[in-house]
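Each remark here refers to the structure printed beneath this line.
Residue numbers (the working numbering): 320 to 591.
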């Protein structure tokens with residue numbers, strides 16, 4: 320892809336884990352990359368399917384890793400879910416299985432959180448899934464509450480190995496009720512579109528940086544964005560060939576974009 324000097328400035332969307340950080344550790348060069356975006360006044364948004372933390376909590380976590388990212392530049396599946404529900408049914412009610420990132424987002428749009436005939440059962444990420452809460456969710460879905468989940472990720476990472484995540488618990492509720500949830504987070508392009516609206520950007524001049532072909536890249540493609548796959552996370556150059564679609568370019572890491580952030584497809588194409 321060629322970008323001429325008179326084209327509109329690029330806007331960046333990027334995944335967090337596997338692109339900027341690994342758990343609590345900085346991906347080398349990610350701090351320099353973000354500093355260059357800020358220096359060039361390039362708008363960007365960091366996306367995460369994890370709904371546990373609020374943007375304020377995530378900002379603090381990222382600061383500890385060496386990344387200074389404003390709250391307004393962090394977009395979670397919890398925020399995307401709240402935005403979706405606020406548009407679908409303003410000032411509605413929900414029974415939530417999740418943590419503060421999700422409950423805060425729903426409170427902020429005026430939702431009432433209740434286990435008494437809620438409009439929605441909303442399932443998010445938590446490290447303390449309770450049998451009682453899941454049982455309540457099942458019974459409410461059986462009684463007619465609409466079933467929403469923040470994201471379909473089946474597992475999440477930890478220092479000791481994989482943890483069951485939203486998608487796994489959603490499968491349990493689906494098996495018990497026969498009702499599939501509507502997933503708002505990646506790979507649903509709705510996640511990207513809500514982030515674009517939040518940052519006031521347009522798909523025509525926005526790119527998505529991710530480390531996973533099956534979530535970040537396909538989501539970016541379906542939202543009409545240019546895409547950059549980095550090798551610092553899940554996908555590998557070999558695994559790219561297994562998919563029927565391709566990213567615009569493949570780079571080793573976001574560090575390869577340093578020096579070309581105003582025109583990312585100029586020099587970077589040579590590395591794809």
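Don't be surprised by glycine CBs; every beta carbon is placed ideally from N, CA and C.
Residues in the same chain with beta-carbon distance under 8 Å from residue i, minus the five sequence neighbours each way, listed in chain order, please.
i, result
"residue 353", "339, 363, 386, 387, 388"
"residue 590", "Because residue 590 sits at a pLDDT of 46, beneath the cut-off of 50, its placement in the model cannot be relied upon, and the following sentence gives the value as read from the coordinates. Excluding positions up to five away in sequence, the list reads 568, 569, 570, 571, 575."
"residue 323", "Here the model assigns residue 323 a pLDDT of 46, short of 50, so the residue's position is not dependable, and the following value carries that caveat. Excluding positions up to five away in sequence, the list is empty."
"residue 496", "457, 460, 461, 466"
Strictly by DSSP, which residues pair up with residue i?
i, result
"residue 335", "Beta-bridge pairing links residue 335 to no other residue."
"residue 466", "440"
"residue 364", "332"
"residue 396", "Per DSSP, none; premise fails for residue 396."
"residue 412", "431"
"residue 502", "468"
"residue 474", "483"
"residue 345", "340"
The alpha helix (DSSP H) spanning residue i covers which residue range?
i, result
"residue 496", "485 to 496"
"residue 455", "450 to 461"
"residue 376", "374 to 384"
"residue 350", "349 to 358"
"residue 370", "Looking at the DSSP string, residue 370 is not in any alpha helix (DSSP H), and its letter there is neither H nor E."
"residue 512", "508 to 518"
"residue 559", "556 to 559"
Identify the continuous beta strand (DSSP E) that holds residue i and give its terminal residues.
i, result
"residue 547", "545 to 549"
"residue 603", "There is simply no residue 603 to check, as the chain begins at 320 and stops at 591 in what is shown."
"residue 528", "525 to 529"
Excluding the 5 residues preceding and the 5 following residue i in the sequence, name in chain order all residues of the same chain whose CB lies nearer than 7 Å to its CB.
i, result
"residue 540", "546, 564"
"residue 577", "348, 351, 352, 355"
"residue 542", "508, 511, 512, 522"
Residue i and residue j look like a contact to me (Cβ under 8 Å); what is the Cβ gap, rounded to whole Å?
i, j, result
"residue 468", "residue 427", "The Cβ separation is near 19 Å, so there is no contact."
"residue 466", "residue 498", "5 Å"
"residue 470", "residue 494", "Contact flag wrong, Cβ pair sits at about 19 Å."
"residue 418", "residue 454", "At roughly 19 Å, the Cβ-Cβ gap does not stay under 8 Å, so residue 418 and residue 454 are not in contact."
"residue 442", "residue 456", "7 Å"
"residue 394", "residue 361", "Between residue 361 and residue 394 the Cβ distance is about 16 Å, and since that is not below 8 Å, they are no contact."
What does a CB cutoff of less than 6 Å around residue i pick up in its chain, not counting 5 residues either side in sequence?
i, result
"residue 562", "532"
"residue 391", "none"
"residue 583", "576"
"residue 377", "393"
Residue i CB to nearest chain B CB: under 8 Å?
i, result
"residue 422", "Note that chain B does not occur in the displayed structure, where there is just one protein chain."
Stretch pair the stretch 430 to 442 + the stretch 528 to 546: three plus CB contacts closer than 8 Å: No: fewer than three Cβ pairs fall under 8 Å.
At least 3 beta-carbon pairs within less than 8 Å: the stretch 367 to 377 vs the stretch 515 to 525: Below 8 Å, too few C-beta pairs join the stretch 367 to 377 and the stretch 515 to 525 to call them touching: fewer than three.
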